[in-house]
Every structure is written in structure tokens, then in C-alpha cells.
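Here's the structure we're looking at; comments come further down.
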Amino acid sequence: MTDLISVEEPTKWGKATETSATRYSRTNAPQHGLGNSLSTMMKISEGQHVLVTACGPGSDALAIARIVGQSGRVVGFDLDKHSIDRAREALEKHPDLKPYVQFHVADAHDLSMFAGQTFDAIHCNASYHWFTNKPLFLAQVATLAKPGAVIGIATQDRNFQPPMLDIRTEVLAELGENATDFIFHPTPTEMRRDLGAAGFGDAKLLGYYGTYVLESAEAMWNWVNDSSGNRFGNYLEEGKRERMKQMMLDRFGGLALKDGKVVMQFKHIVAMGHYGR
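Number 191 in full-length UniProt numbering belongs to position 191 of the sequence shown; there are no gaps in the numbering.
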């Protein structure tokens, strides 16, 4: 496989820990299901070279590796080194995939380590909403795209705010904390504009609702923190973190079913474009 440009390893994402990364590797089924659907819509196929952005514990990348086969190549990266450790551990369990799969620690806003490499497909699942400078990310991956390469992005629509985010904003305001520097959902209009500006034309967008049920309010608290590098609430100092957690658990009860399970609903956007069209 192509050698990488040597760059300084970025710092870890948010307040992610080995514990949160390990737990997320076991609870990312909703995101992985979305990633599988994205791969199908992108028509990823045998022999392709695929870049999996913000790949987390590697679930999507390993599934894609099965599709592209030994004549293809899969490169996954994530800002959280703990998640990349989990991805590499998962790869060790599949020695047949090791010759054509790589995992690296990298920042979506600086992909210089991959300079000189090109890809047929760029797969960005359940992570675009974390990127603070989306045009910069798209400009970066455009330099790695072969002519006609497909980019697929699965994210959430800012026009639909999940109730748990409204609850978070309310609780943090009561605690005197900033609630705005957390997640950066795009709108469909912004996605179409930014894809076109980066050279990804013929953009097609699909919006739909998704529902996820967790076993309890506690499970919901853990899931949203593990999914966000502990940026949902676990980044606070211990005393305030525990206060926030209890306040959130009390209010999550309004989302609960009679058996205590908690329902979350999201509005997803899936966007695809082709480089150079």
C-alpha cells in the first residue's frame, strides 16, 4: 500500500477516553446500520479504493473491505486515537483483510498525510456534523478524489432538533455553561452548496427519519457521550458533571416509554456527489 506523508499526530478528539471508545465500539449499531445503507447507495464495489472518514472503531471500514475485496483498498482515519486502537484490534481478528486495510489517526481538517493518494469513493458516515469547518474538509478530500469519485455523507438535518439537544441546552444554561460549541448540523441547502463549491457535482440528497430505542435514561446518557467523545456532558469537571447527569436523567424521563426505555428520533440527510461533474 502507498506510503504516508509523515505528519505530527493530532490531539485526541474532545474528552474521549479508552473507556468511551471501547463502549462505543459495542453500541454503535445505529451508526453502523446507517453506514451500510450509505455504502449501498454509493454503489461501492469490488476493486475500489475507499477513504472512510472519521471511521471510529472501524465497523464501516471493515464492512466496506468485504465489498471491495483484495483487489481494492480501504483507508480509515479518526481523530480519536482510542477509537483507532479499537479499529486496529478489530482488524487483527480478520487477518484476511489486513493486506488492504489501514487505520490512522488524522484530523478531517488536515489530510496532508494522505497526499499523493487517490480514492474512488469517500465514505463519511455519522461524523460530518462534528466537523467545525465543513468547506475545508470537502476541499481536503477533493484533493484525494479520482475524477468521477463519489462522496457519500450521512448526517443529521439542522432543521430538526432532537429533543435531547433541547434538554441539554436548557440544563447547561441552568448550570451557567456554554451549550453552543457541541454539534454543527448542516441544512440540505448548505450541503448542496458546499459539495458544489468543492467540485462534487450532480449532488443528490435524501432526507428521512430514524428512530433508536435505548434500554434506559442512563443508557442514553452513556450513548450520547460515547458517540461524541464525551463532549455531550462528561467534559465538565466532576461535581458539575454529576449535577448535569442527574438533571438530564430526570428530564430524559419525558422521552421514556412505560417500561423505562427511551426513544430518540433523528432526521437524517444522505448526500452524494461526484467529483468533477
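Beta carbons are placed, not taken as given, at the ideal position from N, Cα and C, and that holds for glycine.
Since we're looking at a predicted model, the values are computed, not measured.
Beta-bridge pairing of Ile122 - partner residues as DSSP gives them = Position 122 of the sequence shown, counted from the start, is the residue given in the question as residue 122. Its beta-bridge partners are Leu51 and Ile151.
Going by beta carbon distance, what residues of the same chain come within less than 7 Å of Val74, once the five residues before and after it are set aside?
-> On the sequence shown, residue 74 is found 74 positions in, with the first residue counted as 1. Excluding residues within five positions, the ones whose Cβ falls inside 7 Å are Val50, Val52, Ala61, Ile64, Ala65, Val68, Tyr100 and Val101.
Quick one: Cα of Val213 to Cα of Gly116, how far?
-> Sequence index remark: in the sequence shown, residue 213 carries index 213 (1-based). Sequence index remark: in the sequence shown, residue 116 carries index 116 (1-based). Cα to Cα, the separation comes out at about 43 Å.
Thinking just about the alpha-carbon of each residue, which of Val263, Gly35, His185 and Arg168 is nearest to the one in residue 330?
-> Within the shown structure, residues of the chain are numbered from 1 to 277, placing residue 330 beyond reach of any answer.
Output the distance between the C-alpha atoms of Met41 and Leu175, rounded to the nearest integer angstrom.
-> Taking the sequence shown and counting its residues from 1, the one referred to as residue 41 is at position 41. Taking the sequence shown and counting its residues from 1, the one referred to as residue 175 is at position 175. Cα to Cα, the separation comes out at about 43 Å.
Since Ile167 is in the alpha helix (DSSP H), which residue starts that stretch and which ends it?
-> Taking the sequence shown and counting its residues from 1, the one referred to as residue 167 is at position 167. That run of the alpha helix (DSSP H) goes Pro163 to Glu174.
Rounded distance between the beta-carbons of Phe103 and Arg87, thought under 8 Å = Indexing the sequence shown from 1 puts residue 87 at position 87. Indexing the sequence shown from 1 puts residue 103 at position 103. Residue 87 is actually Ala in this sequence, not Arg. Their Cβ separation, rounded to whole angstroms, is 4 Å, which keeps Ala87 and Phe103 in contact under 8 Å.
Between Arg18 and Asp80, what straight-line distance do the alpha-carbon atoms span, to the nearest angstrom?
-> Here residue 18 refers to the residue found at position 18 when the sequence shown is read from its first residue. Here residue 80 refers to the residue found at position 80 when the sequence shown is read from its first residue. Before going on, a small fix: residue 18 reads as Glu here, not Arg. Cα-Cα distance, rounded: 10 Å.
Please determine, among Lys245, Asp157, Thr180 and Leu172, the residue with the shortest C-alpha to C-alpha distance to Leu209.
-> Locating residue 209 in the sequence shown gives position 209, counting from the first residue. The question names Leu, yet the displayed sequence has Tyr at residue 209. Per the Cα distances, Asp157.
Segments assigned alpha helix (DSSP H), at least 4 residues, entirely inside the stretch 54-117 = Counting only runs of 4 or more residues that sit fully inside the stretch 54-117, the alpha helix (DSSP H) segments are 59-68 and 81-92, in chain order.
Distance, Gly76 Cα to Leu97 Cα = The residue given as residue 97 occupies position 97 in the sequence shown. The residue given as residue 76 occupies position 76 in the sequence shown. Each residue's alpha carbon lies about 13 Å from the other.
Would you check if the stretch 139-153 and the stretch 257-276 touch, i.e. whether three or more CB-CB distances between them fall below 8 Å?
-> By the criterion of at least three beta-carbon pairs nearer than 8 Å, the stretch 257-276 is in contact with the stretch 139-153.
So, Ala142 versus Tyr275, is the Cβ gap smaller than 8 Å?
-> By 1-based counting over the sequence shown, the position of residue 142 is 142. By 1-based counting over the sequence shown, the position of residue 275 is 275. Taking 8 Å as the Cβ cut-off, Ala142 and Tyr275 qualify as a contacting pair.
Could you name the residues of the same chain whose beta carbon sits closer than 7 Å to that of Glu215, not counting the 5 residues immediately before and after it, in chain order?
-> Locating residue 215 in the sequence shown gives position 215, counting from the first residue. Closer than 7 Å at the Cβ level, and outside the excluded window around Glu215, lie Lys261.
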